[in-house]
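Note that this note's numbering has the sequence shown beginning at 696, numbered continuously upward. One structure is given below, encoded as structure tokens.
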Amino acid sequence: MIYKKLAEDYFLAFINTLRRIDVSELVRVINEIELAVSNGRSIYVMGNGGSSSTASHIQSDLGNTVYQLKGKRINIHCLSDNVATITAIANDYSYDLIYVRQLQGIINNGDLVIAISGSGNSRNIINAVVYAKSVQANIVAMTGYDGGEIMKFADIHLNVPIDNMQISEDIHLLFNHLITHVLNLSNKEFCRDC
């Protein structure tokens, strides 16, 4: 019987947290993705652990499910996916540099970075975001807890206001599916006369 109560408590915490999400920030993210695509800019997404899985899922959904926006192909890259690159950088330099070294020399002004960090304090994510800001890239941060250090650098901050990593990660994935859904509907509206 305790498992039922624990499951009910989890669902209740999830639902109550959803009610506290700032939907206007989600709309800003959708607009930022549309802007990057319409301007021919690249999108880079990254995370650690479960957030790495979410980053990969975002790349898959935007790059394949949505595929293009208003006739323009989405140019999206998940920096968490190449194990050989990540382990080479971690071994040769530092784990704190696994994302910034991938961005150096390829990220440009107007590109979009989607940085996912449950705590908001992952040093490798912060290093990449600071570098991206130095070349005038736009930053979306998805966080949990109090948002951590990364929110100082984010242009748009999607915070899941709960001290629970699992619920934060669940809602980050929900953000991905909501963004994908809205962009797909937008595409259908745009292509109605195609």
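Note that the Cβ used here is the ideal one computed from N, Cα and C, for glycine as well.
Residue interval of the alpha helix (DSSP H) (run including residue i)
i, result
"Tyr705", "697-713"
"Gly745", "745-755"
Between the CA atoms of residue j and residue i - distance to the nearest angstrom
i, j, result
"Gly815", "Ser746", "11 Å"
"Ile905", "Gln763", "Because the chain here runs from 696 to 889, residue 905 falls outside it and cannot be looked at."
"Ala823", "Lys767", "27 Å"
"Ser829", "Ile821", "12 Å"
"Ile801", "Arg714", "38 Å"
"Gln797", "Leu774", "7 Å"
First through last residue of the beta strand (DSSP E) which encompasses residue i
i, result
"Ile811", "807-812"
"Leu922", "Since the first residue of the chain shown is 696 and the last is 889, residue 922 is not available in this structure."
Neighbourhood of residue i by C-beta, 8 Å cutoff - its chain only, sequence neighbours within 5 removed
i, result
"Ala708", "Ile857, Asn859, Ile862"
Assigned exposure category for residue i - 16 Cβ within 10 Å defines buried
i, result
"Tyr698", "exposed"
"Thr780", "exposed"
"Asn871", "buried"
"Asn734", "exposed"
Cutoff 9 Å: residue i Cβ touching any chain C Cβ
i, result
"Ala708", "Within the model displayed, chain C is absent; a lone protein chain is all it includes."
Residue from the options whose Cα sits closest to the Cα of residue i
i, options, result
"Glu729", "Lys847, Ala785, Asn711, Leu807", "Leu807"
"Ile738", "Asn833, Leu853, Asp841", "Asn833"
"Leu721", "Asn803, Ile801, Val835, Val795", "Val835"
"Asn819", "Asn804, Gly805, Gly839, Glu844", "Glu844"
"Gln799", "Ser812, Gln831, Asp776", "Gln831"
Distance cut-off 8 Å: residue i Cβ against heavy atoms of the ligand SAH
i, result
"Ser812", "Although the ligand SAH was asked about, the structure shown includes no ligands whatsoever."
Proximal residues to residue i (C-beta, below 6 Å), its chain only, five neighbours per side dropped
i, result
"Asp888", "Below a pLDDT of 50, predicted positions are generally treated as unreliable, and Asp888, at 49, falls in that range; the measurement from the model is reported next regardless. Cβ neighbours of Asp888 beyond the five flanking positions: none."
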